[in-house]
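What follows is one structure encoded as structure tokens, with my remarks underneath.
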Amino acid sequence: MNKTFIPAFYPVENYAGGSLRALERQWFKDMSGIRVGPARMRQVRMKESTCSYHKLTWPYTCVDSYIKAEEDRNAYCLGWQEYNKVSCGGYVYKYKYYTSDSWTYMDASDIWGMNIKGEYNSYGGGGYILKFVRNRENAHLLLEELLRYDWINRQSRAVSLEFTLFNPNVNLFGYVILLVEFTELGSVLTWSNIHAFKPVLSLSSLNSMALLCYATCIVYYIYLPFNVIWNFSVFGWSAWIKMPWNIVDCLSIIVAYSAIAAFIIRMEDTNTAINMFYEDKSTGANRFINYGHIVVWDTVFNVLLAVLVFLSTLKILKILGYNKRFTEITAVISRAGKELLTFGTLLITLFFAFVSFAYLLFGSKLVGYKSMFKTCVSLVNTFIGRNKLRTLVEASPTTAEFFYMAYVVIVIMFMLTIFMSILNSSIKEVRLETAKHAVMFGMIKVLKKTFREFLQLFYIARRKNQNKINVSEEVADDVDLKATLQSIRQTLKRYERVYVDDTDNPSSQIV
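Each residue of the sequence shown is one higher than the one before, counting from 2 in the working numbering.
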């Protein structure tokens with residue numbers, strides 16, 4: 002801590018060796034990140050108890066592994082001495098010792114704390130807190146006092162160092178957790194987590210586009226439930242449930258509204274943290290602001306958004322139904338559905354049998370096999386050629402060779418060959434069926450035809466207007482207005498003369 006963290010967190014010189022001014026000392030050592038509040042060191046402890054095998058360990062006591070419900074929450078004086086309010090609770094005592102508050106347990110609700118998942122165990126959000134100050138000299142004094150009075154001893158189960166940085170160049174916050182775990186067997190494990198996040202969106206061109214996309218997505222998912230309800234009322238339950246795209250729409254709605262809820266919670270935690278930060282600026286307080294809550298909800302939001310993008314991408318497959326190749330692929334999978342289901346059940350059972358076997362063989366020796374999940378990841382990587390046989394052989398030479406040979410032969414070679422044979426049989430049947438039917442319009446042909454018809458709308462309208470203009474010009478050239486008027490006048494005179502003659506000669510009228 003004195004040689005690594007303190008010089009980096011409290012720099013006094015720049016790259017050229019020159020002294021930093023007071024304002025520049027708020028930066029991290031790399032001079033690209035600004036400290037956001039103080040750093041915090043937190044410890045969780047367990048009480049001493051009688052060993053379950055006390056006949057072998059008497060008169061020594063034992064300290065169990067960390068259990069949140071049984072952790073030590075008592076208040077102590079320096080050196081983990083029994084707390085005495087007269088000697089440890091006075092103002093003189095607190096003025097004399099810088100770390101007097103670091104020997105009193107703080108509940109998670111009082112410090113806005115949250116649980117931490119390390120390599121070995123999970124730890125609660127409370128504990129014994131050491132809050133660092135704003136300058137380098139006092140930070141050294143705090144650490145020296147903790148070291149002098151054995152702040153970390155046999156009962157310590159985990160010590161975490163937490164701090165937050167802000168990089169104004171990219172508008173990103175960085176929340177850092179450095180954890181040291183002490184097992185009940187005396188071993189030490191380290192774990193670290195650095196999470197970069199952006200709690201608020203600034204009004205840049207890229208973020209404005211992101212806000213527009215968010216708004217469009219919200220409007221769409223407000224409309225989508227009504228569309229699903231309308232389809233359900235029209236087709237009925239039996240027909241509606243058989244349409245796979247309806248299931249995709251329902252899953253999209255659930256994930257979308259969950260993402261919106263996570264986004265709102267993240268914004269609320271962000272507002273709380275920002276308000277605490279500005280309160281400290283105005284009052285001069287030096288509280289540690291836990292940005293871990295924002296990190297958790299930011300991770301949840303990103304995961305839900307990724308699932309939503311995946312489901313939205315699946316909807317594109319509905320459009321690809323116009324494509325002949327794609328319809329053949331879906332037909333192959335649907336025709337071989339029963340065989341693939343049976344094969345999948347057998348493959349999963351066999352695969353998890355090898356996962357359990359590998360976990361028992363190498364879980365205590367290799368990091369890649371220390372949990373069932375990591376064992377699954379390690380064995381799945383063999384499908385894409387990422388093999389780490391050397392580490393297996395070094396951990397267990399004889400059993401590793403036998404295990405790996407059996408896994409490659411049975412799972413990779415034998416089972417995948419069966420999978421390919423099922424698909425080949427289905428492909429032959431589908432191609433025979435599609436050869437009997439007429440050639441379907443491909444998606445490219447549909448797009449070309451639609452685009453051609455769209456262009457013809459303008460071409461036909463223009464051609465009609467041109468024809469009208471040509472006809473008008475031809476009529477204007479062929480017709481003589483003066484001659485036409487004279488012809489009409491002569492016709493009217495002839496009609497008038499005939500009418501007068503008929504009126505003057507009554508004998509000519511028909512009785």
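A virtual CB, placed ideally from N, CA and C, is assigned to each residue, including glycine.
My assumption, with CB atoms under 8 angstroms, is that residue i sits in contact with residue j. Please give the rounded CB distance.
i      : j      : result
Arg137 : Tyr11  : 4 angstroms
Tyr150 : Gly80  : 4 angstroms
Glu146 : Tyr106 : Rounded, the Cβ-Cβ distance is 19 angstroms, inconsistent with contact.
Ala337 : Ile423 : 5 angstroms
Leu180 : Met42  : Not a contact, Cβ separation roughly 11 angstroms.
Tyr121 : Thr184 : 6 angstroms
Gly119 : Ala159 : 7 angstroms
Asn287 : Leu144 : Between Leu144 and Asn287 the Cβ distance is about 17 angstroms, and since that is not below 8 angstroms, they are no contact.
Ser357 : Tyr370 : Going by Cβ atoms, the distance from Ser357 to Tyr370 rounds to 11 angstroms, so no, they are not a contact pair.
Ile117 : Ser188 : Between Ser188 and Ile117 the Cβ distance is about 18 angstroms, and since that is not below 8 angstroms, they are no contact.
Val296 : Phe198 : 6 angstroms
Thr399 : Leu362 : That belief does not hold up - the Cβ atoms of Thr399 and Leu362 are roughly 11 angstroms apart, past 8 angstroms.
Ser103 : Trp152 : 7 angstroms
Could you work out which residue in the options is closest to residue i when comparing CA atoms only?
i      : options                        : result
Tyr292 : Ile7, Arg36, Val381            : Arg36
Val177 : Phe183, Ser88, Gly38           : Gly38
Cys214 : Phe198, Val310, Ala263, Trp152 : Val310
Thr165 : Ile153, Gly34, Met277          : Gly34
Ala260 : Thr343, Thr300, Ser209         : Thr300
Ser253 : Val296, Ala240, Ala307         : Ala307
Asn172 : Ile153, Leu144, Val201         : Val201
Leu24  : Arg135, Val412, Leu142, Leu225 : Arg135
Ile265 : His294, Pro245, Gly19          : His294
Ser157 : Lys319, Gly128, Ile349, Asn85  : Gly128
Ile68  : Val13, Leu380, Ser53, Gly125   : Gly125
Met277 : Leu225, Leu315, Trp113         : Trp113
Gln82  : Asp111, Trp28, Asn154          : Asn154
Leu305 : Ala263, Thr271, His196, Leu342 : Ala263
Here's the rule: buried if 16 or more other CB atoms are within 10 angstroms of the residue's CB, otherwise exposed. What is residue i?
i      : result
Leu393 : buried
Thr5   : exposed
Arg267 : buried
Gln44  : buried
Tyr360 : buried
Trp298 : buried
Glu163 : buried
Asp250 : buried
Trp231 : exposed
Val480 : Its pLDDT being 45, under 50, Val480 is placed unreliably in this model, and the coordinates cannot settle the point.
Asp31  : exposed
Val501 : For Val501, the predicted structure reports a pLDDT of 47, less than 50, and the residue's modelled location is therefore unreliable. The matter cannot be settled from this model.
From residue i to residue j, what does the alpha carbon distance come to, in whole angstroms?
i      : j      : result
Leu367 : Val229 : 50 angstroms
Thr284 : Ile290 : 15 angstroms
Ser397 : Gly364 : 11 angstroms
Val410 : Leu390 : 15 angstroms
Ser313 : Gly386 : 30 angstroms
Trp241 : Ile248 : 9 angstroms
Thr1   : Ala257 : Missing from the structure shown is residue 1; the chain here goes from 2 to 512 and no further.
Cys377 : Tyr408 : 13 angstroms
His141 : Ile7   : 8 angstroms
Gly175 : Thr350 : 42 angstroms
Ala17  : Asn194 : 31 angstroms
Ile275 : Lys282 : 11 angstroms
Phe352 : Ile428 : 26 angstroms
Using only the heavy atoms of the ligand NAP, determine whether one of them is closer than 7 angstroms to the beta carbon of residue i.
i      : result
Ile419 : What this structure holds is no ligand at all, so the ligand NAP is not there to describe.
Quiz item: Between the stretch 424-437 and the stretch 331-348, do three or more beta carbon pairs fall short of 8 angstroms?
Solution: yes
Exercise. Mind the definition here: the stretch 46-53 touches the stretch 72-79 only if three or more C-beta pairs lie below 8 angstroms; say whether that holds.
Key: yes
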